[in-house]
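Peer 1: This is the structure I want to talk about, given as structure tokens.
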Amino acid sequence: MKFMKLGSKPDQFQTDGDTIRYVATELATDLVVNVGDVKFYVHKFPLLSKSSQLQKLVTSAGTDNNDEIDIHDIPGGPAAFEVCAKFCYGMVVTLNAYNVVAARCAAEYLEMYETVEKGNLTYKIDVFLTSSIFRSWKDSITVLRTTNSFLPWSEELKIVNHCLDSIATKVCTDPSKVDWSYTYNHNKLVSENEHEEKWNGVKKLQTVPNDWWAQDLCDLQIDLYKKVITAIVAKGNMSADVVGESLKSYALKRLPIFSKSTLQESDCLKYRYLVDTITSLLPNEKGSVPYDFLLKLLHASIMLDCYELGRRMLMLKISQQLDEVTVADLIIRSSTGETARCNIDVVHGLVEQFVMQEDSIQTGSPDDSEFREICPGFISDASKAKVAKLVDGYLAEAARDVSLPLSKFIDLAEMVSTFPRSSHDGIYRAIDMYLKEHPALTKSEKKRICRLMDCRKLSADACAHAVQNERLPLRVVVQVLFLEQTRATAAVGNNAPELPGSVKAMLPRGSCGSSRSATTNSDEDWEGDQTSEELKDLKAELASLRLENKGDSGVIVNDAKSNADKATSKKVKKIFTRLWSNKDRQGENSSSDTSESRASTSVEETEAMKVAVRMMLQNQTAKKSQ
């Protein structure tokens, strides 16, 4: 630390209690200066010869030998006045980064200028600041920290501006030219340099990291830190990534939420301002701030109930990196007082911002490679697929929350329904989890949620699970079974038979399409009124049917083959007889018109299922013939 020593005479100031300071000389004092609660007994001549302000005060006080004046508003208080008084006496005074601002502001208050006497205190301190303090990295930060206590004097004297310029200039210096002391995490520095190449077997000297300055600035109060970052950015040659790393270091040190410390309720206002300020300093460049830090900042913003504008800014920046986020990162708990385990509204907002990015760049052609380079908001299909997978995984976790409304679950899922997916296993898992944790759903609600998945995009394992899943509507189970048989038929080279209109109406739109597009009036009838035991038995028999028809043996005699086909046909007939038995009974008890309508529908659906069964049997026959 730099210091300056003024004067050569020994210190003759003595203390009498806590409130009296006097100069111990043979010459009696003739002036009393009241500074706060402390009385200074001094001599007029040495002080008035260097202070224009004291001259004015003494003149206005009278001509008595024991004049007494008050200067309660002097910056720095009694300590700063004593430094100025000792300088007037020529006593030894040591100035350093901790007391130089107080002495400079007090000297300015006392008007200790060059016009009063050559080599006065203001001049000597200015020389010390310029030649020593502002040239030192750590001293500049220390001086800047002390300026807050002497506002507005420190700003009017441009001490703050000089500190900011000194710090920003050093920060923007090429790291290879940094030759001064700084604070840095040694473990981090070692990890960054441990893989460096060696020259002739000797390890090179550790290089200075780009963010060498970040930790030293963490000691500043938020207002001063904001001024420093603004000054650094204004220089124009600092990477946004490094600025983002500095903001992260500051938040980790200053926010107790980040360090898992207890947050006092009385400090909420202070930390709310801190979060809002850090948010306003975030660089605009995409990816300049790690998404995990942004998510923590968003969590703090929610917990502290920060300004909505800052929260929206955070969500926008996170949405630009949403394809890098993991499900664990998105588990943002709701604020205190809410019963929800996961704040699905926040995740909905993030996905909404991600979708809006694509909508905002429709002016360019996505197929133009040049457009992709100049438009940072372009969203590739790979990114969409990652976000869709992310949402599926998040919904599977959020579905465990028994208080999660179905509408919010569906709204979030539908936002990524058009995104490319290689598989719908993820959304199926989320749907199954929601059905498991919300057993009181009505038939129509189950139908709504099952429309979110496309049965055509379920893997073989997911199909096997769905066929035996008691929580799914029966219609979905049969659709999955039908699609499995269609795939198997195509795999052995047989052409699937043309489906009649009744089958197409019962199955999803297109050739065996998504269950969410199946909106025929027979949906509720298809779910039927079977009891849980009947559904359980039915699905078990469907599963056993699939297992029996796999044909483990490679050679099957014709008689055995015929017998197996007959047994299969009988079992299939038994299954579908049970499937519609309750519906037929229900139809008999209704009015004649309704009975005829239900009977007609039942016949059409029965015929449709016969086609499905025939396809199943053709597939099994083809397998056996091979």
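Note that the numbering used here has the sequence shown beginning at 1440, numbered continuously upward. All C-beta atoms, glycine included, are put in the ideal place defined by N, C-alpha and C.
1. Using the C-alpha atoms, what's the distance from glutamine 1492 back to glutamate 1550?
2. Nearest to proline 1695 by CA position, among Glu1684, Leu1713, Ser1685, is which residue?
3. Would you list the residues sitting across from threonine 1454 in a DSSP beta bridge?
4. Any idea if glutamine 1660 is buried or exposed, counting beta-carbon neighbours within 10 angstroms, 16 or more meaning buried?
5. Can you give me the Cβ contacts of alanine 1518 inside the same chain, cut-off strictly under 8 Å, excluding the 5 residues immediately before and after it?
6. Between the Cα of serine 1685 and the Cα atoms of Trp1651, Ser1819, Gln1918, Leu1829, which residue gives the shortest distance?
7. I need the straight-line Cα distance from lysine 1441 to asparagine 1535, nearest angstrom please.
8. Confirm, please, whether the CB-CB distance from lysine 1478 to glutamate 1528 is below 8 Å.
9. Mind pulling the alpha helix (DSSP H) runs of 4 or more residues that sit fully within the segment 1563-1619?
10. Which runs of the alpha helix (DSSP H), 4 residues or longer, sit entirely within the segment 1856-1909?
11. State buried or exposed for arginine 1839, treating a residue as buried only when at least 16 other CB atoms are found within 10 Å of its CB.
12. Whole angstroms are fine: how far does the CA of leucine 1596 sit from the CA of leucine 1851?
13. Where does the unbroken beta strand (DSSP E) through valine 1830 begin, and where does it stop?
14. Take glycine 1516 as the anchor and find which of Ala1653, Gly1475, Lys1828, Ile1606 has the nearest alpha-carbon.
15. Please report the straight-line C-alpha distance between lysine 1877 and aspartate 1768, rounded to a whole angstrom.
16. If distances are taken between C-alpha atoms only, which option among Val1786, Ser1688, Leu1560, Phe1921 comes closest to phenylalanine 1520?
17. Looking only at its chain, what residues have a beta carbon closer than 8 Å to the beta carbon of serine 1655, apart from the 5 residues adjacent to it on each side?
18. Look at the alpha carbon of proline 1844 and the alpha carbon of threonine 1925, and state the distance between them as a whole number of angstroms.
19. Beta-carbon within less than 6 Å of alanine 1607's beta-carbon, same chain only, minus the 5 sequence neighbours each way: which residues are those?
20. In angstroms with no decimal places, state the Cα-to-Cα distance between isoleucine 1849 and asparagine 1723.
21. What would DSSP say about phenylalanine 1848, mapped onto helix, strand or coil?
22. Around the Cβ of glutamate 1547, are there at least 16 other Cβ atoms within 10 angstroms (buried) or fewer (exposed)?
23. For threonine 1925, name the three-state secondary structure that DSSP assigns.
24. Please classify isoleucine 1818: is it buried, with 16 or more other beta-carbons within 10 angstroms of its beta-carbon, or exposed?
25. Just the C-alpha distance for lysine 1875 and leucine 1691, rounded to the nearest angstrom, thanks.
26. Pull up the CB-CB distance for valine 1555 and lysine 1489, whole angstroms please, since I reckon it's below 8 Å.
27. Secondary structure at lysine 1441, three-state DSSP: helix, strand or coil?
28. Could you tell me which of Asp1457, Ile1741, Ala1653 sits nearest to isoleucine 1783, measuring between CA atoms?
29. Roughly how many angstroms separate the alpha carbons of threonine 1454 and arginine 1584, rounded to a whole number?
30. Given a threshold of 16 other Cβ atoms within 10 Å of its Cβ, counted over all protein chains shown, does cysteine 1707 qualify as buried or as exposed?
31. Along the chain, where does the alpha helix (DSSP H) that runs through valine 1497 open and close?
32. Determine the closest residue to histidine 1904 out of Cys1889, Phe1921, Arg1914, Arg1868, with distance taken between C-alpha atoms.
33. Going by DSSP, name the residue or residues bridged to tyrosine 1710.
34. Pick helix, strand or coil for leucine 1534, following the three-state DSSP scheme.
35. Please report the residue range of the alpha helix (DSSP H) in which valine 1477 lies.
36. Which residues does DSSP list as the beta-bridge partners of isoleucine 1508?
Peer 2: Concretely, from the data shown:
1. In the sequence shown, residue 1550 corresponds to position 111, counting from 1. In the sequence shown, residue 1492 corresponds to position 53, counting from 1. Rounded to whole angstroms, glutamate 1550 to glutamine 1492 spans 6 Å at the Cα level.
2. If you number the sequence shown from 1, residue 1695 lands on position 256. Ranking the options by Cα distance to proline 1695, first place goes to Leu1713.
3. The count along the sequence shown starts at 1 and reaches residue 1454 at position 15. In the DSSP output, where bridge partners are listed per residue, threonine 1454 has Arg1460.
4. For the purposes of this step, residue 1660 is identified with residue 221 of the sequence shown, where counting begins at 1. Under this definition glutamine 1660 is an exposed residue.
5. One-based indexing of the sequence shown puts residue 1518 at position 79. Cβ neighbours of alanine 1518 beyond the five flanking positions: Asn1538, Ala1541.
6. Taking the sequence shown and counting its residues from 1, the one referred to as residue 1685 is at position 246. Closest option to serine 1685, Cα to Cα, is Trp1651.
7. Taking the sequence shown and counting its residues from 1, the one referred to as residue 1441 is at position 2. Taking the sequence shown and counting its residues from 1, the one referred to as residue 1535 is at position 96. Cα to Cα, lysine 1441 sits roughly 6 Å from asparagine 1535.
8. Taking the sequence shown and counting its residues from 1, the one referred to as residue 1528 is at position 89. Taking the sequence shown and counting its residues from 1, the one referred to as residue 1478 is at position 39. A small correction: the amino acid at residue 1528 is tyrosine; glutamate does not occupy that position in the sequence shown. Their beta carbons are not under 8 Å apart, which means tyrosine 1528 does not touch lysine 1478 by this criterion.
9. 1576-1586, 1592-1595, 1598-1610
10. For the alpha helix (DSSP H) assignment, the uninterrupted runs of no fewer than 4 residues enclosed by the segment 1856-1909 are, from N- to C-terminal side, 1864-1876, 1882-1889, 1899-1906.
11. Indexing the sequence shown from 1 puts residue 1839 at position 400. By the 10 Å Cβ count, arginine 1839 comes out exposed.
12. By one-based count along the sequence shown, residue 1851 stands at place 412. By one-based count along the sequence shown, residue 1596 stands at place 157. Using only the alpha carbons, I get a separation of about 56 Å.
13. Numbered from its first residue, the sequence shown carries residue 1830 at position 391. It is not in any beta strand (DSSP E) - valine 1830 instead sits in the alpha helix (DSSP H) that spans 1820-1837.
14. Here residue 1516 corresponds to residue number 77 of the sequence shown, with the count starting at 1. Measuring from the Cα of glycine 1516, the nearest candidate turns out to be Gly1475.
15. As a working note, residue 1877 is residue 438 in the sequence shown. As a working note, residue 1768 is residue 329 in the sequence shown. Strictly speaking, residue 1877 in this sequence is histidine, with lysine absent from that position. Cα to Cα, histidine 1877 sits roughly 25 Å from aspartate 1768.
16. The residue labelled residue 1520 in the question sits at position 81 within the sequence shown. Selection Val1786, Ser1688, Leu1560, Phe1921 evaluated against phenylalanine 1520 yields Leu1560 as nearest (Cα-Cα).
17. For the purposes of this step, residue 1655 is taken as the residue at position 216 of the sequence shown. Before going further, note that residue 1655 is aspartate rather than serine in the sequence given. Here the set comprises Trp1576, Lys1577, Ile1580, Tyr1621, Thr1622.
18. The count along the sequence shown starts at 1 and reaches residue 1844 at position 405. The count along the sequence shown starts at 1 and reaches residue 1925 at position 486. If I take the Cα positions, the gap works out to 36 Å.
19. For this step, residue 1607 is matched to residue 168 along the sequence shown. Cβ within range, chain order: Ala1670, Ile1671, Lys1674.
20. Along the sequence shown, one-based indexing puts residue 1849 at 410. Along the sequence shown, one-based indexing puts residue 1723 at 284. Approximately 33 Å between the Cα atoms of the pair.
21. Counting from one through the sequence shown, the residue named residue 1848 turns up at place 409. Helix at phenylalanine 1848.
22. In the sequence shown, residue 1547 corresponds to position 108, counting from 1. Label assigned to glutamate 1547: buried.
23. Here the question's residue 1925 lines up with position 486 in the sequence shown. In the three-state DSSP reduction, threonine 1925 falls in the helix class (H, G or I).
24. In the sequence shown, residue 1818 corresponds to position 379, counting from 1. That one is buried.
25. Stepping through the sequence shown from its first residue, residue 1875 is reached at position 436. Stepping through the sequence shown from its first residue, residue 1691 is reached at position 252. Whole-angstrom Cα-Cα distance: 39 Å.
26. Here residue 1555 is taken as the residue at index 116 of the sequence shown, counted from 1. Here residue 1489 is taken as the residue at index 50 of the sequence shown, counted from 1. About 6 Å separates the beta carbon of valine 1555 from that of lysine 1489, a gap short enough to meet the 8 Å contact definition.
27. Residue 1441 sits at position 2 when you count from the first residue of the sequence shown. Coil, per DSSP.
28. Residue 1783 sits at position 344 when you count from the first residue of the sequence shown. In terms of CA proximity to isoleucine 1783, Ile1741 leads the group Asp1457, Ile1741, Ala1653.
29. Here residue 1454 refers to the residue found at position 15 when the sequence shown is read from its first residue. Here residue 1584 refers to the residue found at position 145 when the sequence shown is read from its first residue. Answer to the nearest angstrom: the Cα atoms are 30 Å apart.
30. Against the sequence shown, residue 1707 aligns to sequence position 268. With fewer than 16 Cβ atoms within 10 Å of its Cβ, cysteine 1707 is classed as exposed.
31. Along the sequence shown, read from residue 1 onward, the residue named residue 1497 stands at position 58. From DSSP, the alpha helix (DSSP H) with valine 1497 extends over 1491-1500.
32. On the sequence shown, position 465 is the one that residue 1904 refers to. Nearest option by C-alpha distance: Arg1868.
33. Here residue 1710 is taken as the residue at index 271 of the sequence shown, counted from 1. In DSSP, tyrosine 1710 forms no bridge with anything.
34. Counting from 1 along the sequence shown, the entry for residue 1534 is found at position 95. Looking at leucine 1534 - three-state DSSP - the assignment turns out to be strand.
35. Here residue 1477 corresponds to residue number 38 of the sequence shown, with the count starting at 1. In the DSSP annotation of this structure, valine 1477 is not part of any alpha helix (DSSP H); the continuous beta strand (DSSP E) holding it starts and ends at 1477-1481.
36. Sequence index remark: in the sequence shown, residue 1508 carries index 69 (1-based). Per DSSP, Val1472.
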